[in-house]
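Undergrad: Structure in C-alpha cells, see below.
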Amino acid sequence: MKKKVDINKYSSSAKYKKKKILNIFVKILLTFGKTFLTIILLCFFSGIFILIYIKHYITSSSDDSFLLDINNSKLSLTSFIYVDNQEYQKIYSVENRIWVDFKEIPKYMKDAIISIEDKRFYNHAGVDFFRTTGAVLSLMTGKPLYGGSTLTQQCVKNVTGDSKLSLTRKLRESFRALKLEETHSKDEILELYLNIVNFGAGSRGAETAANIYFDKNIKNCSLLECATIASITQNPTAYNPLNHPEKNKKRRELILSEMLIQEKITKQEYIQAIGESENIKLSSKNNNFKDNNLSNEVRNWYIETMLKDIVKDLCEKYNIGKESAENILYRQGLKIYCSMDKNAQNIVEKNVKNSLLDPKLELGYILMDFNGRILAILGSRKEKTGNLLYDRANQARRQPGSTIKPLSAYTLALDIGLYNYSSIISDKPLILETDGVTREWPLNWYSGYRGNVILQWALEKSANAPVAQIINKLGTKRSYDFLTNKLKFYSLDRNDSTSLSALATGGTHVGVTVREMTAAFQIFGNSGRYYKPYTYDYITDRNNKIILDNRTNIPEQVINPQTATVMNKLLKNVVTGPEGTGKLANINDWNIIGKTGTTTDDFDSWFLGMSPYAVSGIWVGYDEPRRIKEISAAIKIWKSIMEEYLKNKSKIDYNYDNKVKENLYCRSTGLLANPSCPSKATGYYSNSNVPHECNLHGYTRFTNGVIKENIIEDNKIENDSIENNAQIDDIDTDETLRETSD
34 MKKKVDINKY
44 SSSAKYKKKK
54 ILNIFVKILL
64 TFGKTFLTII
74 LLCFFSGIFI
84 LIYIKHYITS
94 SSDDSFLLDI
104 NNSKLSLTSF
114 IYVDNQEYQK
124 IYSVENRIWV
134 DFKEIPKYMK
144 DAIISIEDKR
154 FYNHAGVDFF
164 RTTGAVLSLM
174 TGKPLYGGST
184 LTQQCVKNVT
194 GDSKLSLTRK
204 LRESFRALKL
214 EETHSKDEIL
224 ELYLNIVNFG
234 AGSRGAETAA
244 NIYFDKNIKN
254 CSLLECATIA
264 SITQNPTAYN
274 PLNHPEKNKK
284 RRELILSEML
294 IQEKITKQEY
304 IQAIGESENI
314 KLSSKNNNFK
324 DNNLSNEVRN
334 WYIETMLKDI
344 VKDLCEKYNI
354 GKESAENILY
364 RQGLKIYCSM
374 DKNAQNIVEK
384 NVKNSLLDPK
394 LELGYILMDF
404 NGRILAILGS
414 RKEKTGNLLY
424 DRANQARRQP
434 GSTIKPLSAY
444 TLALDIGLYN
454 YSSIISDKPL
464 ILETDGVTRE
474 WPLNWYSGYR
484 GNVILQWALE
494 KSANAPVAQI
504 INKLGTKRSY
514 DFLTNKLKFY
524 SLDRNDSTSL
534 SALATGGTHV
544 GVTVREMTAA
554 FQIFGNSGRY
564 YKPYTYDYIT
574 DRNNKIILDN
584 RTNIPEQVIN
594 PQTATVMNKL
604 LKNVVTGPEG
614 TGKLANINDW
624 NIIGKTGTTT
634 DDFDSWFLGM
644 SPYAVSGIWV
654 GYDEPRRIKE
664 ISAAIKIWKS
674 IMEEYLKNKS
684 KIDYNYDNKV
694 KENLYCRSTG
704 LLANPSCPSK
714 ATGYYSNSNV
724 PHECNLHGYT
734 RFTNGVIKEN
744 IIEDNKIEND
754 SIENNAQIDD
764 IDTDETLRET
774 SD
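Numbering (the working numbering) for the sequence shown: 34 to 775.
Shown next, in the form of C-alpha cells:
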C-alpha cells in the first residue's frame with residue numbers, strides 16, 4: 034500500500050521559507066532604518082551642538098571685557114615730563130602714543146587711510162564680506178589674494194593683540210568687529226584706528242607719527258604728508274619713509290591716486306601733491322629712529338629717580354601695587370612737572386666728569402634747596418649709558434662716619450638743653466666692660482685725649498670721645514629714635530638703636546643713603562624744619578586733574594629754630610675754624626657750613642654742607658669697599674660744584690632766629706665771659722639755654738649785696754659710666770672705630 038503524501042507539509046515549508054525571507058528583509062530594513070535614523074539624529078544633535086557652540090563662541094568673542102579694552106585704549110598713552118614748564122622728555126613703556134581727538138585729525142588723513150585700507154568703511158557693518166571671502170580663500174590656497182580686514186577689524190586686532198594667522202582667529206575677529214560697530218559710531222572707530230595703529234619708527238598713532246616724521250602736529254600736516262603717514266600702515270618697517278624713502282614714495286603716490294579715483298581730492302590737489310612728492314621734507318632730528326626700539330632714550334639720574342619716586346608715591350596715596358602704579362605712569366598720558374634745576378644738573382655732571390683719578394672710584398651726589406626740592410642728582414661719576422643702573426645717591430647704603438655726629442648727638446643734646454654752644458665736655462674715653470674685661474673706647478683720630486674741652490671745639494675737631502660722652506648721656510635709644518622718627522633715616526638697622534659705634538662714630542650695621550643725609554642736614558639752614566625731599570612739583574592725568582602734588586609740601590618742625598641757628602654757627606667752625614676738618618670747602622665771600630666724614634681704613638669719604646641757597650651731600654668710595662687714596666676727593670668735588678652753582682647768584686645769608694643770643698664766653702670754663710677772663714670767644718645760645726657768667730677769674734659780681742655762688746653747674750663734667758641700654762657687641766677692637774683725620 035502506497036504511503037500518502039502530505040501536501041500540506043510542503044505547503045507549510047514554502048510558507049515558512051517565505052516568512053523567513055520576509056523576516057530577513059524586515060531586519061535589513063529595520064537595521065538600515067535605525068542606522069539612517071541614527072545618522073539623522075546625530076546630524077540633528079550635532080547641528081544643535083554646533084549652533085550652541087557658535088552662539089557661545091560669538092558671545093565669548095564679543096564680551097564686555099573686550100569692549101572695556103576698547104574704551105581703555107586711550108589710556109595706553111605717552112606721558113610727558115616738563116621742566117620749567119617746557120616739554121623735556123616723553124616716557125612710555127611699550128607704545129609711544131599721543132592721543133588726538135577726531136576733530137583734530139585733518140580730513141586728508143582720514144580720507145587717505147580710508148582710500149587705501151577700507152574704501153567701503155562707511156557702508157559696511159564692521160565686516161566687508163567681499164574682502165573677507167577673498168581673505169579666507171587666501172588662507173585656504175596659500176596665495177595672497179586679498180588683505181581682507183576692514184578698519185574695524187584692524188582696530189580689534191590692535192586692541193586685543195589677537196593676530197594669529199588662522200580661520201578661527203578670522204572668525205573671532207569678525208564677530209568682535211560686528212559687535213564693535215553696534216556699540217561705537219564710525220567716527221569713533223576711525224578715531225580709535227588713527228590713534229592706535231603702528232606707524233613705524235616707534236610711533237603709535239597719527240599724532241606721534243607726525244611728530245617723528247615731520248616735527249609737527251597731525252592737524253598741521255599737508256595732503257602729501259598725510260598720504261606719507263597712511264602709506265606706512267601696511268608694513269611699518271618696509272614703508273618707513275626715513276629708512277626706505279623710495280618704497281614709501283611709491284606707496285604714497287598710489288594712495289594719492291586712489292584718493293583721486295574715489296573723489297576724495299581734486300585733480301589739482303593730486304597734481305600738486307605728486308609734484309611735491311619727489312622732494313618731500315622729512316624731519317632731520319629723528320633719523321636714528323629704529324622700529325621696535327621704542328624707549329631708546331637714556332634718562333639722566335634725576336629723571337630716573339623722579340620716576341621711581343612717582344611709582345612709590347602712587348602706591349602710597351592710592352593703596353595700589355607697584356605694577357599698577359607703573360601702568361599709570363607709563364601708559365596713562367600723565368603730565369609730570371619736574372623739579373629739576375637744569376642748570377644745576379648740568380653743573381654737577383660737568384664737574385664730576387674728570388674729578389677722580391682712579392676710574393673705579395664712584396660717587397653719589399644730591400643738591401636740594403631748603404624746602405625739600407631736589408635740584409640735581411648724580412648716581413655715578415661715569416657717563417650714564419643705560420636706564421635702571423645702580424644709583425649711589427639713592428640706593429647705596431654706606432656708613433656715614435663723622436657726618437652723623439651733628440645729627441645723632443650735638444643737635445639733640447642742644448635741643449633738649451643738655452648742653453650749649455660752649456659747654457665743657459670730657460675728651461676722655463668711656464670705660465666699657467665686656468665679659469669682665471674693661472677697656473677704653475673710642476680712640477680719637479688724633480693722638481690721645483685732651484681732657485675737658487669746649488663743645489664747639491669738639492665738633493670743629495671732629496673728636497670721637499666727646500661725642501661718645503654725649504650719646505652716653507642722651508641714651509642710644511633717644512638718639513636712634515630722633516634719627517628715624519624725625520629725620521626719616523629709614524635705612525638704619527634696628528641693631529643701630531643700641532649701638533654706640535653706629536650713633537657716635539657712624540659705624541652703622543648697614544649704612545645710610547646720600548639722599549637721607551642731605552635731607553637731614555637741611556634743618557641747619559631752614560630753622561629746624563624737615564621737608565620730605567621731592568623730585569616733582571605736581572602731576573596731572575590726561576584730563577588735567579592733579580593726582581600728585583608736592584607744592585604743599587608741609588614740613589615738620591623737628592628742632593627748635595634757635596637750636597638750628599646755634600648748630601649752623603657750630604658747623605661754620607668746621608669750615609672756617611683753625612681746627613676745622615672742612616677747610617677745603619670754604620668759598621670766598623660765602624657763608625659755607627658743613628661736616629666731613631670718613632670711615633674705618635678710609636673706605637668712605639663724605640661731605641655734607643650748605644650755602645644759603647642749597648644743601649648738598651656727596652659720598653666717594655668703591656662699590657666693593659677698600660681704602661681710598663684720594664681721601665679729600667669728596668670735599669673737593671663738593672666745593673667745585675657749589676662754587677659754580679653760586680657763581681651768578683646774589684649774596685644772601687641764612688635766616689637766623691633773632692632770639693638766639695650772641696655772647697662772649699670764657700674759653701676756660703665755657704661760661705659767659707666777665708671782664709677778667711683771660712681768653713674769650715664768641716658763642717651763640719638759645720634764650721632758654723644761656724650759661725651763667727664765669728666767676729672763676731677774679732671778678733666778683735654783687736647782687737643785692739650778696740656774692741654770687743662760685744659754681745659752674747651749667748658746664749659740669751659728665752660721669753664716665755655707660756648707660757645700660759648701650760651695647761658694643763659689634764665692636765671687636767678699639768682700632769675698628771678709629772676715625773681717620775678729615
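All C-beta atoms, glycine included, are put in the ideal place defined by N, C-alpha and C.
With a threshold of 16 other CB atoms inside 10 Å of the CB of Tyr717, please say whether the residue is buried or exposed.
TA: As a position in the sequence shown, residue 717 is number 684, starting the count at 1. Result: buried.
Undergrad: With DSSP collapsed to three states, give me the class of Gln378.
TA: Translated into positions along the sequence shown, residue 378 becomes position 345. Helix.
Undergrad: So for Val160, helix, strand or coil by DSSP?
TA: On the sequence shown, residue 160 is found 127 positions in, with the first residue counted as 1. Val160 falls in the coil class under three-state DSSP.
Undergrad: Might you give, ordered along the chain, the residues of its own chain that have their beta carbon closer than 7 Å to the beta carbon of Met339, omitting 5 neighbours on each side?
TA: Residue 339 sits at position 306 when you count from the first residue of the sequence shown. Cys371, Thr568 and Tyr569, listed in sequence order.
Undergrad: Look at the alpha carbon of Lys123 and the alpha carbon of Phe113, and state the distance between them as a whole number of angstroms.
TA: As a first step, residue 123 is located in the sequence shown; it is residue number 90 there, counting from the start. As a first step, residue 113 is located in the sequence shown; it is residue number 80 there, counting from the start. Their backbone Cα atoms lie some 5 Å apart in a straight line.
Undergrad: Does DSSP put Ala496 in a helix, in a strand, or in coil?
TA: For the purposes of this step, residue 496 is taken as the residue at position 463 of the sequence shown. Residue state, collapsed to three classes: coil.
Undergrad: Looking at the secondary structure, which residues open and close the beta strand (DSSP E) in which Gln122 lies?
TA: Here the question's residue 122 lines up with position 89 in the sequence shown. Its beta strand (DSSP E) spans residues Gln119 to Ile124.
Undergrad: Taking Cβ positions, are Ile131 and Leu110 nearer each other than 8 Å?
TA: Looking up residue 131 in the sequence shown gives position 98. Looking up residue 110 in the sequence shown gives position 77. Closer than 8 Å, so yes.
Undergrad: Do you know how far the Cα of Pro594 is from the Cα of Asn737?
TA: Within the sequence shown, numbered from 1, the residue matching residue 737 stands at position 704. Within the sequence shown, numbered from 1, the residue matching residue 594 stands at position 561. For Asn737, the predicted model reports a pLDDT of 38, less than 50, meaning its position is unreliable; a value from the coordinates is still stated below. The alpha-carbon atoms of Asn737 and Pro594 are separated by roughly 35 Å.
Undergrad: Would Ala426 pass as an interface residue toward chain C - the criterion being a Cβ-Cβ separation below 8 Å?
TA: Considering every chain present, this structure includes no chain C. It has just one protein chain.
Undergrad: Could you tell me which residues DSSP pairs with Val648 in its beta bridges?
TA: Along the sequence shown, one-based indexing puts residue 648 at 615. Partner(s): Met401 and Met643.
Undergrad: Cα-Cα, which of Asn276, Met292, Ile294 and Lys669 is closest to Leu315?
TA: As a first step, residue 315 is located in the sequence shown; it is residue number 282 there, counting from the start. Per the Cα distances, Asn276.
Undergrad: Ordered along the chain, which non-local residues of its own chain (more than five positions away) have a Cβ less than 7 Å from that of Asp144?
TA: As a first step, residue 144 must be located in the sequence shown, where it is residue number 111. Same-chain partners within the cutoff: Met292 and Lys297.
Undergrad: So for Trp474, helix, strand or coil by DSSP?
TA: Sequence index remark: in the sequence shown, residue 474 carries index 441 (1-based). If DSSP states are grouped into helix, strand and coil, Trp474 belongs with the strands.
Undergrad: Would you check if the region 663-676 and the region 429-448 touch, i.e. whether three or more CB-CB distances between them fall below 8 Å?
TA: The region 429-448 is not in contact with the region 663-676.
Undergrad: Mind checking who Gln590 pairs with in its DSSP beta bridge?
TA: Start at 1 with the first residue of the sequence shown, and residue 590 comes out as number 557. Bridge partners of Gln590: Arg562.
Undergrad: If you run the structure through DSSP and keep just helix, strand and coil, what is Cys699?
TA: Locating residue 699 in the sequence shown gives position 666, counting from the first residue. Reduced to three states, the DSSP call for Cys699 is strand.
Undergrad: Nearest by alpha-carbon distance to Asn586: which of Lys140, Asn360 and Tyr564 is it?
TA: As a first step, residue 586 must be located in the sequence shown, where it is residue number 553. For the residues Lys140, Asn360 and Tyr564, the minimum Cα distance to Asn586 belongs to Tyr564.
Undergrad: Out of Trp478, His542, Glu473 and Pro708, point me to the one whose CA is closest to Asp634's CA.
TA: Position 601 of the sequence shown, counted from the start, is the residue given in the question as residue 634. For the residues Trp478, His542, Glu473 and Pro708, the minimum Cα distance to Asp634 belongs to Trp478.
Undergrad: Give the C-beta separation of Val189 and Ala210 to the nearest angstrom, bearing in mind that I take them to be a contact with Cβ-Cβ under 8 Å.
TA: Counted from its first residue, the sequence shown places residue 189 at position 156. Counted from its first residue, the sequence shown places residue 210 at position 177. Contact flag correct, Cβ pair sits at about 5 Å.
Undergrad: Is it buried or exposed, Glu356, if we count other Cβ atoms within 10 angstroms and call 16 or more buried?
TA: Here the question's residue 356 lines up with position 323 in the sequence shown. Counting Cβ neighbours within 10 Å, Glu356 comes out exposed, since fewer than 16 surround it.
Undergrad: Suppose the cutoff is 6 Å on Cβ atoms and the five residues either side in sequence are ignored; what does the same chain contact list for Glu677 look like?
TA: Taking the sequence shown and counting its residues from 1, the one referred to as residue 677 is at position 644. Cβ within range, chain order: Ile380.
Undergrad: Can you say whether Val344 is buried or exposed, counting buried as having 16 or more other CB atoms within 10 angstroms of its CB?
TA: Residue numbering aside, residue 344 sits at position 311 when the sequence shown is read from its first letter. Result: buried.
Undergrad: With DSSP collapsed to three states, give me the class of Phe522.
TA: Here the question's residue 522 lines up with position 489 in the sequence shown. In this structure, Phe522 counts as coil in the three-state DSSP scheme.
Undergrad: When the Cβ atoms of the region 392-408 are set against those of the region 595-606, are three or more pairs found closer than 8 Å?
TA: The region 392-408 vs the region 595-606: no contact.
Undergrad: Please give the ranges of any beta strand (DSSP E) in the region 405-487, keeping only runs that are unbroken, at least 3 residues long and fully inside the region.
TA: The region 405-487 contains these whole beta strand (DSSP E) runs: 407-411, 457-460, 463-467, 470-474 and 484-487.
Undergrad: In this structure, how does DSSP classify Lys323 when only helix, strand and coil are distinguished?
TA: On the sequence shown, residue 323 is found 290 positions in, with the first residue counted as 1. Summary for Lys323: the model assigns pLDDT 47, below 50, so the residue's position carries little reliability; its value from the coordinates is reported in the next sentence. Coil.
Undergrad: Which of the three DSSP states, helix, strand or coil, is assigned to Ala714?
TA: The residue labelled residue 714 in the question sits at position 681 within the sequence shown. Strand, per DSSP.
Undergrad: Does the Cβ of Arg660 have 16 or more other Cβ atoms within 10 Å, making it buried, or fewer, making it exposed?
TA: Within the sequence shown, numbered from 1, the residue matching residue 660 stands at position 627. The residue is exposed, with fewer than 16 neighbouring Cβ atoms inside 10 Å.
Undergrad: Indicate the three-state DSSP secondary structure (helix, strand or coil) for Lys282 in the structure shown.
TA: Numbered from 1 along the sequence shown, position 249 holds the residue referred to as residue 282. Reduced to three states, the DSSP call for Lys282 is helix.
Undergrad: Could you spell out the range, first to last residue, of the alpha helix (DSSP H) harbouring Gly308?
TA: Translated into positions along the sequence shown, residue 308 becomes position 275. First-last of the alpha helix (DSSP H) with Gly308: Lys300 to Ser310.
Undergrad: Give me the Cα-Cα distance between Asn621 and Ala491, rounded to the nearest whole angstrom.
TA: For the purposes of this step, residue 621 is taken as the residue at position 588 of the sequence shown. For the purposes of this step, residue 491 is taken as the residue at position 458 of the sequence shown. Approximately 25 Å between the Cα atoms of the pair.
Undergrad: List the residues that DSSP assigns as beta-bridge partners of Val547.
TA: The sequence position of residue 547 within the sequence shown is 514, counting from 1. Bridge partners of Val547: none, in fact.
Undergrad: How big is the Cα-Cα spacing for Glu206 and Met550?
TA: In the sequence shown, the residue the question calls residue 206 occupies position 173. In the sequence shown, the residue the question calls residue 550 occupies position 517. Answer to the nearest angstrom: the Cα atoms are 58 Å apart.
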